[in-house]
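One structure is given below, encoded as structure tokens.
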Amino acid sequence: GIQVEQSPPDLILQEGANSTLRCNFSDSVNNLQWFHQNPWGQLINLFYIPSGTKQNGRLSATTVATERYSLLYISSSQTTDSGVYFCAVGSNYQLIWGAGTKLIIKP
Amino acid sequence: NAGVTQTPKFRILKIGQSMTLQCTQDMNHNYMYWYRQDPGMGLKLIYYSVGAGITDKGEVPNGYNVSRSTTEDFPLRLELAAPSQTSVYFCASRSTGDTQYFGPGTRLTVL
Chain C
1 GIQVEQSPPD
11 LILQEGANST
21 LRCNFSDSVN
31 NLQWFHQNPW
41 GQLINLFYIP
51 SGTKQNGRLS
61 ATTVATERYS
71 LLYISSSQTT
81 DSGVYFCAVG
91 SNYQLIWGAG
101 TKLIIKP
Chain R
1001 NAGVTQTPKF
1011 RILKIGQSMT
1021 LQCTQDMNHN
1031 YMYWYRQDPG
1041 MGLKLIYYSV
1051 GAGITDKGEV
1061 PNGYNVSRST
1071 TEDFPLRLEL
1081 AAPSQTSVYF
1091 CASRSTGDTQ
1101 YFGPGTRLTV
1111 L
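Protein sequence lines, in the order shown, are assigned to chains C and R.
Residues in the first sequence are numbered from 1 upward in steps of one, following this note's numbering.
Residues in the second sequence are numbered from 1001 upward in steps of one, following this note's numbering.
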């Protein structure tokens, strides 16, 4: 099956810093999504991005499907950005989830 | 729109007991999913449905059953609870070409 690797596993930054999270996957996919799980456990969708680039405020994502990776950029980090960021890849029916990047933003 | 709702929020079961986790969405989504999340891990797909009357297994279906009699509801049944089923369970839904929307989760402990 498809393997999904996220890096780094942990990231600690000061408020205001920028960060790049990476997601590598082992096979062609037609579905790739980024999610944020906040410290209370709530899962929030960020991007549906099987290819190309999207931006939403301070967050943006790029997927290079031919090279099997996706990047999530967070600019001017805020403490509310803390939590775990998951990449999930697959088909229209099933998603395989990475183990996540745990992000801590210090004030 | 309430989005995706799940009940109960918390539950403690004894080994061998049964229960049903409820999931309802009001967005008229055709796809619905059940995941489990163990501590420090990503989500694993238990079952999914592409529409009323159609369900299929995900990565970890053993010990669970589902049904989808309506577009809105997708209950998950645990027949004989085991300690290995202690986890947080998330229900999600989506429409074609869109991202998944998640419920708040059910924290289940089996003792």
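Every residue gets a Cβ at the ideal spot worked out from N, C-alpha and C, and that includes glycine.
Quantities reported herein were computed from a predicted structural model and do not represent experimental measurements.
Extent of the continuous beta strand (DSSP E) to which residue i belongs
i, result
"residue 1029 of chain R", "Premise fails: residue 1029 of chain R is in no beta strand (DSSP E) and is neither H nor E."
"residue 68 of chain C", "Unbroken run through residue 68 of chain C: none, as it is neither H nor E."
"residue 1047 of chain R", "1043 to 1051"
"residue 37 of chain C", "31 to 37"
"residue 1063 of chain R", "Taken as a continuous stretch (DSSP letters only), residue 1063 of chain R belongs to no beta strand (DSSP E), as it is neither H nor E."
"residue 1015 of chain R", "Here residue 1015 of chain R belongs to no beta strand (DSSP E), and DSSP marks it neither H nor E."
"residue 90 of chain C", "83 to 90"
"residue 43 of chain C", "43 to 48"
"residue 1068 of chain R", "Element bounds for residue 1068 of chain R: n/a, residue is neither H nor E."
"residue 1078 of chain R", "1076 to 1078"
Contact set for residue i: own chain, Cβ-Cβ below 7 Å, skip 5 residues either direction
i, result
"residue 1078 of chain R", "1018, 1019, 1063, 1064, 1085"
"residue 81 of chain C", "74, 103, 105"
"residue 1090 of chain R", "1035, 1037, 1043, 1102, 1103, 1105"
"residue 4 of chain C", "23, 25, 87, 89, 96, 97, 98"
"residue 1061 of chain R", "1046, 1047"
"residue 107 of chain C", "15, 79"
DSSP beta-bridge partners of residue i
i, result
"residue 53 of chain C", "C/62"
"residue 76 of chain C", "Answer by DSSP bridge pairing: none, since residue 76 of chain C is not bridged."
"residue 1035 of chain R", "R/1045, R/1090"
"residue 1007 of chain R", "R/1022"
"residue 22 of chain C", "C/7, C/71"
"residue 97 of chain C", "C/88"
Own chain residues within Cβ distance below 6 Å of residue i, not counting five before or after
i, result
"residue 61 of chain C", "34, 47, 49, 54, 72"
"residue 58 of chain C", "75, 76"
"residue 1045 of chain R", "1035, 1058, 1059"
Inter-residue Cα distance where the pair is residue i and residue j
i, j, result
"residue 14 of chain C", "residue 7 of chain C", "19 Å"
"residue 83 of chain C", "residue 39 of chain C", "5 Å"
"residue 1070 of chain R", "residue 1022 of chain R", "13 Å"
"residue 1005 of chain R", "residue 1072 of chain R", "10 Å"
"residue 1107 of chain R", "residue 85 of chain C", "20 Å"
"residue 1082 of chain R", "residue 1050 of chain R", "28 Å"
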